[in-house]
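Quick note: the sequence shown, position 633, residue 633 per the UniProt record's numbering, numbers continuous. Have a look at the structure below, then the notes.
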Amino acid sequence: MTTSKDNTPPAGGWGALKATLQRIEPGNTGTTLKALIRANQPQGFDCPGCAWPDKPSAAVQFCENGAKAITHEITGKRVTPGFFAAHTVSELETWDDYTLEQQGRLTEPMRYDSSSDRYVPIDWDDAFALIASHLNAIAPDEAHFYTSGRTGNETAFLYQLFVRLYGTNNLPDCSNMCHEPSGQALLESLGTGKGTVTLEDFSRAEAIFIFGQNPGTNHPRMLGELREAAHRGCKIVVFNPLRERGLLRFQDPQSPAEMLTNRASDLASHYYQPRIGGDMAIARALIKYTLEHGAEDHDFIAAHTDGFAAVAADVAATGWDELVDASGLSRAELDEIGALYTTSKAIMFTWGMGITQHKHAVATIQTLCNALLVRGNIGKPGTGACPVRGHSNVQGDRTMGINERPTATFLQRLGDACGFAPPTKHGNSVVESIAAMEAGRAKVFIALGGNFAAATPDTERTHAALRTQALTVHISTTLNRSHLITGRDALILPCLGRTEFDVQNGAAQQISVEDSMSMVHLTRGVKEPASLLLRSEPQIVAGIALATLKHSPVDFAALAGDYDQIRDLIAKVVTGFDDFNTRVRQPGGFYFGNSARRREWRTDCGKARFINHAAGTDLLAQLQALSPAPLLTLMTVRSHDQYNTTIYARNDRYRGIHDERRVLFAHPDDLAERGLADGSRVDIVSVWFDGERRIEDFRVQAYDIPQGSLAAYFPETNPLVPLEHHADGARTPASKAIPVYLVAR
């Protein structure tokens, strides 16, 4: 175990301020500053970056990475028809992702012309007619409709309504690639698929355990809450294979005292570096320590839970040596963690994709839930389960019905409100949709936001699968890799961004979003659109629906012309959204609520469930038999100058990387054993049951990471992730546990 009491430079501070100022384009200063001031404010727009909740009455609500997302959207650069006339798609394919995404905002709808290998302009109505002709020529289940977490609630609801009226539940979305295991695990354990904490709980917790998460890069506003918690004596206990600067020390750019005196706040009181995938063993060790010291909450267990005896027996039969080996931590460290857990009266667990992107992700999260339940740390102030979502409305999309496996209750309410019988057959998730394309069972792919071709696993296979489609459609704000991986026909449909005015029928419109802690609030644009030819996402969805559906019981034109009407329809369908239009206009919006937080257990047994999971199969050992060299475990990570697949610069300030991305972080001893040194160049080869995958020419960087573990940036490393290597039951790509070996160049 290490603490933050060292000379590590802090996150935030002057470095964050400098990086923010560097993102402001010359000639665009006024627009940028006005937008930043209005970010995450009651009369402004919700940041298009992460889903961290807004803090009431905070004067400044944006962080460094939020500023990057905002300036990326309000850039003065434009991708016009002239740009596409000057560059073939084949040429653009040779550009790296950073260069592609720095070209600016798309300005008008474009259609791919295979004869010239270029995108050419197309009228909106012609684009909608083209989509309709393709959709009406196939069976509904041969189409897939992807959704990004950037999409607002109103658009998401309208989109899923159109898709189900069309006749399918093929609604893969970005949740499939990030927190799908969280939703599934929590639903089975606690009866709700969402986290149970609110922002207020951070001010009441005695200890916050952070698993597989790097808030300094992925949701920096969380650092402010951790800073305040640490100042009042809350223990911040971190579990992360990498030693991340953003979890050690933080200099708050909004604190004049810290900025002027160049002081910083220590965050992590305890920092543990388990082996990749060792978190489940840590959770089991917490339970074992609790039981051995008689620290379980007997009353809570008796009144509120089911299945405790089986978990207790299995954990008791598990030896400490086994937990030490599986976790990568020492017995002394596990005892220290257990003492922290059993002596704190209010504990919350937070986690990110370091937990969810594993084969055993669902089992790990349910074991974390077991650890919370054994001490009664659900449903009282300062406690709970807190999966920290990524994209700004990924949680809201699910609430609105973007789900390939909808509940019967949701479908019944949707059908009753809209006058039709929705399809009940489950649809395809992301990895299932790619497999369907490969097998010839899919012919049309439509993406509402996102960068599907770059974000998905097994890149070579995914790209080949997308090219089999008769039509690919991307509703986007900026150019990205997916626009270049075309079907035989392809469209780019440019939409308004969060920062832009949305006026329909002469009236200003606003959309709503749901943050990571179930607060629902409005967001409204603050600047003129990048182009007069842009359309709002609801307009685009309605345009496709009107062209495709011949006898729709729903008036899509009316809904797209007045978003209040969409919210009125949502109120009839989505449980908990009664009187939506009134409640969402309250200052700060409204709390959607959480049954488990109220200790109401909506499980089959009517109680919170202890769900037992024994140690899983050692996949690495199985694959070692197929490998010509000793295997290591690679996890993909973001750089600090990146959000999801959008790369703002080729730097990673917090890890000391400048102007490069093909970097592999490794323990010095692992390098020495392979005859490598800091700065060596290697190829990385992943091993799977169907063969090997290889990416070339990465620079090795010696780093503070456990032996046997590696880290590298995505999407560059996505080609190494086999499509079949995903979370059991949840199908999330196991991008944090890729078996690889290294080949010196």
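By construction, the Cβ of each residue, glycine as well, lies at the ideal position given by its N, Cα and C atoms.
Query raised in the report: By the 10 Å Cβ neighbour count, where 16 or more other Cβ atoms means buried, how is residue 14 classified, buried or exposed?
Result: Residue 14 is classed as exposed because its beta carbon has fewer than 16 other beta carbons within 10 Å across all chains shown.
Query - Sub-8 Å separation of residue 230 and residue 267 beta-carbons - result: Cβ distance < 8 Å, so residue 230 and residue 267 count as in contact.
Report task. Give the range of the alpha helix (DSSP H) segment to which residue 90 is assigned. Result -> Annotation: the continuous alpha helix (DSSP H) that includes residue 90 extends over 89-93.
Query raised in the report: In terms of alpha-carbon separation, which member of 546, 80 and 177 lies closest to residue 734?
Result: Taking only the C-alpha atoms, the option nearest residue 734 is 177.
Query - Short Cβ contact (8 Å threshold) for residue 469 with residue 442 - result: In contact: residue 469 and residue 442 (Cβ atoms closer than 8 Å).
Report task. Have a look at the DSSP bridge pairing and note the partners of residue 208. Result -> Beta-bridge partners assigned by DSSP to residue 208: 236 and 348.
Query raised in the report: Secondary structure at residue 287, three-state DSSP: helix, strand or coil?
Result: Secondary structure at residue 287: helix, using DSSP grouped into helix, strand and coil.
**Report entry** Residue nearest to residue 523 in terms of C-alpha spacing, selected from 584, 196, 94 and 671
**Finding:** For residue 523, the closest alpha carbon among the candidates 584, 196, 94 and 671 is that of 584.
Query raised in the report: Rounded to whole angstroms, how far is the Cβ of residue 512 from the Cβ of residue 167, which I believe are closer than 8 Å?
Result: Residue 167 and residue 512 do not touch by the CB rule: their CB atoms are close to 28 Å apart, not below 8 Å.
Report task. Enumerate in chain order the residues of its own chain whose CB-to-CB distance from residue 667 is below 6 Å, with the five nearest sequence positions on each side excluded. Result -> 705 and 707, listed in sequence order.
Query raised in the report: Between which two residues does the beta strand (DSSP E) containing residue 494 stretch?
Result: Unbroken beta strand (DSSP E) run through residue 494: 489-494.
**Report entry** Bounding residues of the beta strand (DSSP E) (the contiguous stretch that carries residue 568)
**Finding:** Unbroken run through residue 568 is the alpha helix (DSSP H), 563-573; no beta strand (DSSP E).
Query raised in the report: Per DSSP, what kind of secondary structure is residue 159 in: helix, strand or coil?
Result: Residue state, collapsed to three classes: helix.
Query raised in the report: Looking at C-alpha atoms only, which residue of 536, 184, 651 and 626 is the closest neighbour of residue 369?
Result: Nearest Cα to residue 369 within the set 536, 184, 651 and 626: 184.
Query raised in the report: Near residue 660, what residues of its chain come up, given a Cβ to Cβ distance below 8 Å and the 5 sequence neighbours on each side ignored?
Result: The residues 650 and 699, in chain order, have a CB closer than 8 Å to that of residue 660 in the same chain once the five nearest residues on each side in sequence are set aside.
Query raised in the report: What do you reckon, are the CB atoms on residue 217 and residue 640 nearer than 8 Å?
Result: Contact: yes.
Query - Element boundaries [alpha helix (DSSP H), containing residue 33] - result: Counting along the chain, the unbroken alpha helix (DSSP H) around residue 33 starts and ends at 29-38.
Report task. Would you kindly work out how many angstroms separate the C-alpha atoms of residue 484 and residue 600, rounded to a whole number? Result -> In this structure, the straight-line span from the alpha carbon of residue 484 to that of residue 600 is close to 48 Å.
Query raised in the report: Since residue 580 is in the alpha helix (DSSP H), which residue starts that stretch and which ends it?
Result: First-last of the alpha helix (DSSP H) with residue 580: 580-583.
Query raised in the report: Would a C-beta distance cut-off of 8 Å place residue 402 and residue 565 closer than the cut-off?
Result: It is not a contact, given that the beta carbons lie outside the stated cut-off.
**Report entry** Per DSSP, cross-strand counterpart(s) of residue 178
**Finding:** DSSP output for residue 178 lists no bridge partner at all.
Query raised in the report: Which residues mark the beginning and the end of the beta strand (DSSP E) in which residue 271 is found?
Result: In the DSSP assignment, residue 271 falls within the unbroken beta strand (DSSP E) covering 270-272.
Report task. Select from 306, 330 and 226 the residue whose C-alpha is nearest the C-alpha of residue 350. Result -> When 306, 330 and 226 are compared, the shortest CA-CA separation from residue 350 is found for 226.
Query raised in the report: Would DSSP call residue 780 helix, strand or coil?
Result: Only positions 1 to 745 of the chain appear in the structure, and residue 780 is not among them; the question remains open.
Query raised in the report: With residue 201 and residue 494 assumed to form a contact (beta carbons below 8 Å), what rounded beta-carbon distance in angstroms separates them?
Result: Under the criterion of beta carbons closer than 8 Å, residue 201 and residue 494 do not qualify as touching, at roughly 40 Å.
Query raised in the report: According to the Cβ coordinates, are residue 181 and residue 365 closer than 8 Å?
Result: Going by C-beta atoms, residue 181 is nearer than 8 Å to residue 365.
Query - Euclidean distance between Cα positions of residue 284 and residue 64 - result: Across the structure, residue 284 and residue 64 are spaced so that their CA atoms are roughly 37 Å apart.
Query raised in the report: Sorted by chain position, which residues of the same chain lie with C-beta nearer than 6 Å to residue 10's C-beta, five sequence neighbours on each side aside?
Result: Answer for residue 10: 249, 250, 251 and 264, listed in chain order.
Query raised in the report: With 16 other CB atoms within 10 Å as the buried threshold, where does residue 33 fall?
Result: With fewer than 16 other Cβ atoms within 10 Å, it is exposed.
Query raised in the report: If you scan the region 301-386 from start to end, which runs of the beta strand (DSSP E) of 3 or more residues do you find wholly inside it?
Result: Runs of the beta strand (DSSP E) inside the region 301-386: 347-351.
Query raised in the report: residue 727: buried (16+ other C-beta within 10 angstroms of its C-beta) or exposed?
Result: Residue burial is scored here from C-beta neighbours: residue 727 has at least 16 other C-beta atoms within 10 angstroms and is therefore classed as buried.
Query raised in the report: Going straight from the alpha carbon of residue 740 to that of residue 722, what length do you get?
Result: Each residue's alpha carbon lies about 12 Å from the other.
Query raised in the report: Would the beta-carbon of residue 375 fall within 8 Å of that of residue 296?
Result: Using a Cβ distance threshold of 8 Å, residue 375 and residue 296 count as a contacting pair.
Requested in this report: Could you say if the region 272-291 and the region 301-317 meet the contact criterion of at least three C-beta pairs nearer than 8 Å?
Outcome: Taking a cut-off of 8 Å on C-beta distances, the region 272-291 touches the region 301-317, as three or more cross pairs fall below it.
Report task. Could you pull out every residue in the same chain whose Cβ sits closer than 7 Å to the Cβ of residue 16, ignoring the five residues on either side in sequence? Result -> Within the same chain, residue 16 has close Cβ partners 64 and 253.
**Report entry** Residues bridged to residue 633 (per DSSP)
**Finding:** Bridge partners of residue 633: 709 and 739.
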